[in-house]
Amino acid sequence: MINRIRKRLHSGSRYRGEIMKDKEKVLQQFGRNAANYVTSNSHAKGDDLRQLVEIIAGRNRGGAVLDVATGGGHVANALAPLFKQVIALDLTPEMLEKAKSFIESNGHGNVAFVQGDAENLPFPNSSFGTVTCRIAAHHFPDVRQFVREVLRVLQDNGLFILVDNVAPEIQEFDQFYNLAEKARDHSHVRAYKKTEWIAMLEEEGFTVENMATFKKKFIFDNWCSMITLPLEEKEQLNAYMMGATEDLRQYFHIEQHGEQVQSFQGQSMLLTCIKR
Numbered sequence: 224m225i226n227r228i229r230k231r232l233h234s235g236s237r238y239r240g241e242i243m244k245d246k247e248k249v250l251q252q253f254g255r256n257a258a259n260y261v262t263s264n265s266h267a268k269g270d271d272l273r274q275l276v277e278i279i280a281g282r283n284r285g286g287a288v289l290d291v292a293t294g295g296g297h298v299a300n301a302l303a304p305l306f307k308q309v310i311a312l313d314l315t316p317e318m319l320e321k322a323k324s325f326i327e328s329n330g331h332g333n334v335a336f337v338q339g340d341a342e343n344l345p346f347p348n349s350s351f352g353t354v355t356c357r358i359a360a361h362h363f364p365d366v367r368q369f370v371r372e373v374l375r376v377l378q379d380n381g382l383f384i385l386v387d388n389v390a391p392e393i394q395e396f397d398q399f400y401n402l403a404e405k406a407r408d409h410s411h412v413r414a415y416k417k418t419e420w421i422a423m424l425e426e427e428g429f430t431v432e433n434m435a436t437f438k439k440k441f442i443f444d445n446w447c448s449m450i451t452l453p454l455e456e457k458e459q460l461n462a463y464m465m466g467a468t469e470d471l472r473q474y475f476h477i478e479q480h481g482e483q484v485q486s487f488q489g490q491s492m493l494l495t496c497i498k499r
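One point on numbering: in our numbering, the residue at position 262 of the sequence shown is 485, and numbering is uninterrupted.
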C-alpha cells in the first residue's frame, strides 16, 4: 500500500477522472466518519480557531460570511454571533447534518447549510465580505481553482482566512508527511508548503497580510481511529513511521513505545488575505 501511494504522490499530474475519484473518496470518508469530526479536539478547539475568530471580530465585518468545507461546523458555530448570516458549505451531506445538529444545539439560528463543491462555489460574484476555510484544503484536488472561486465570491477588499495543515519546506520531509497522511486517509490529496500557499494566493489576486503557524501533536491511535483506519493499514502506517530516518524522527518528534508509534508533531498555518 505504501509503495502504491508513494508512486501516485510522485507522479504529480492529475486528470479529470482522478479528480472526480478524489471527490468520491471525500464523500465516502467523511460520510461514514462525520460524527467523529464534530467531537474531534483538533477541529473543535485550538489556537488557530481562537485566532481566526479574533481576527474577524477585530475587523467588525457583519453581513454574511461563507465557511467553505465546514466539516463539523466549528468555524460557523464560532462566527454565528458576529454575523447576520453564516453560510456553512460542505461537499458531504452527512457532515452537513452533523454540523447542523451541533450548531443548532448551541442556539444559533442564523446559519444556512449548503451542499457544494469548494472548487465550484454555488454563489454569485462578490457575494461575501468574508470567507473562511479551516483544516480542509488538503482534501481539495485543485486548490488553485478553489482559490480562484474564493476570489470570485469575495467582494473587493474582502477578507479570506485560510487555515490548513502544511508540509515542511524540505522536500524529503514534505514527502514523508504527505505519504503518511495519504496512507492514513485516502481522501487526502496534498498538504502544501507555506511558500506554495503564499505564492498561489498572491498569483491569483490576494494580498497575504499575515501568517501564523501552530504546532500540532497527533496521537497516533486517535489519528487512525478518527477515520476508522483498518487494522492492517494501521500496522503498515506504523511500520512506515517506525522506519523513518533519525532526521525525520527528530523533525516530527516521533514518539514510540516499543514498536508502536505513540505520537508525532506536524504544523498548521493561518493566512490572513485580502482580495486586491
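C-beta atoms are modelled at their ideal positions from N, C-alpha and C, and glycine is treated no differently.
None of these values were measured; they are calculated from a predicted model.
For residue i, tell me which candidate among the options has the shortest Cα-Cα distance.
i: Arg-472; options: Thr-418, Ile-421, Phe-399; result: Phe-399
i: Gly-186; options: Ala-303, Ser-349, Asp-340, Phe-351; result: Residue 186 lies beyond the residue range present for the chain, which begins at 224 and ends at 499; the question has no answer from this structure.
i: Asp-365; options: Phe-336, Lys-405, Arg-413; result: Arg-413
i: Lys-440; options: Tyr-474, Gln-488, Thr-430; result: Gln-488
i: Leu-312; options: Leu-424, Val-291, Gly-296, Glu-320; result: Val-291
i: Arg-272; options: Leu-385, Gln-378, Asp-379; result: In the sequence under discussion, the amino acid at residue 272 is Leu, which differs from the Arg named in the question. The shortest C-alpha separation from Leu-272 is found at Leu-385.
i: Gly-296; options: Ile-279, Asp-270, Glu-427, Lys-323; result: Lys-323
i: Gln-338; options: Ile-310, Ala-287, Cys-356, Ile-326; result: Ile-310
i: Gly-294; options: Gly-281, Ala-287, Thr-468, Leu-314; result: Leu-314
Buried or exposed, going by whether 16 or more other CB atoms sit within 10 Å of the CB of residue i?
i: Ile-393; result: exposed
i: His-476; result: exposed
i: Pro-347; result: exposed
i: Lys-268; result: exposed
i: Arg-367; result: exposed
i: Lys-438; result: exposed
i: Asp-387; result: buried
i: Ala-335; result: exposed
i: Pro-391; result: buried
i: Ala-403; result: buried
i: Leu-319; result: buried
i: Leu-452; result: buried
i: Leu-424; result: buried
i: Asn-401; result: buried
i: Arg-357; result: buried
i: Glu-372; result: buried
Given residue i, which residues of its chain have a CB within under 6 Å of its CB, disregarding the five upstream and five downstream residues?
i: Gly-525; result: Because residue 525 is not part of the residues shown, which for the chain are 224 to 499, the question remains open.
i: Met-492; result: Val-389, Lys-417, Thr-436
i: Tyr-238; result: Note that Tyr-238 scores 49 on pLDDT, short of 50, meaning its location in the model is unreliable; the coordinates nonetheless yield the value given after this. Nothing listed; no residue qualifies.
i: Val-276; result: Ala-301
i: Asp-397; result: Ala-390, Pro-391
i: Ser-236; result: In this predicted model, Ser-236 has a pLDDT of only 48, less than 50, meaning its place in the structure is not dependable; the value taken from the coordinates is given anyway. Cβ neighbours of Ser-236 beyond the five flanking positions: none.
i: Asp-270; result: Phe-437
Might you give, ordered along the chain, the residues of its own chain that have their beta carbon closer than 8 Å to the beta carbon of residue i, omitting 5 neighbours on each side?
i: Gln-479; result: Met-465, Gln-485
i: Met-434; result: Lys-417, Ile-421, Met-492, Leu-493, Leu-494, Thr-495
i: Phe-429; result: Val-370, Leu-374, Phe-383, Cys-496, Ile-497, Lys-498, Arg-499
i: Cys-447; result: Arg-407, Lys-457, Leu-460
i: Val-376; result: Leu-289, Leu-344, Phe-346, Pro-347, Asn-348, Ser-349, Ser-350, Phe-351, Val-354
i: Ser-328; result: none
i: Ala-280; result: Leu-305
i: Asn-333; result: Ala-303, Phe-306, Lys-307, Gln-308, Val-309
i: Gln-524; result: Outside the displayed span of the chain (224 to 499) sits residue 524, for which this structure offers no information.
i: Gln-500; result: Only positions 224 to 499 of the chain appear in this structure, which leaves residue 500 out of reach.
What residues in its chain sit with their C-beta under 7 Å from that of residue i, if we drop five residues either side in the sequence?
i: Gly-285; result: Phe-306, Lys-307
i: Phe-369; result: Ala-341, Glu-342, Ala-360, Phe-363
i: Gln-483; result: Asn-461
Measure how close the beta-carbons of residue i and residue j come, nearest whole angstrom, since I'm counting them as under 8 Å.
i: Ala-299; j: Ile-278; result: Contact doesn't hold; Cβ gap of about 16 Å is too wide.
Hey, is residue i close to the ligand MG, as in C-beta under 8 Å from one of its heavy atoms?
i: Asp-365; result: With respect to the ligand MG, the structure shown offers nothing to examine, as it has no ligands at all.
**Message:** Just to confirm the assignment: which complete alpha helix (DSSP H) runs, minimum length 4, are found wholly within the segment 417 to 470?
**Reply:** 417 to 427, 443 to 448, 454 to 465
**Prompt:** Can you give, in chain order, each stretch of the beta strand (DSSP E) that sits fully within the segment 272 to 315 and has at least 3 residues?
**Reply:** 287 to 291, 308 to 313
**Request:** For the segment 376 to 424, list the beta strand (DSSP E) runs that are entirely contained and at least 3 residues long, ordered along the chain.
**Result:** 377 to 389
**Message:** To test your reading of the DSSP string, which unbroken beta strand (DSSP E) runs of 3 or more residues are found completely within the segment 318 to 364?
**Reply:** 334 to 338, 351 to 357
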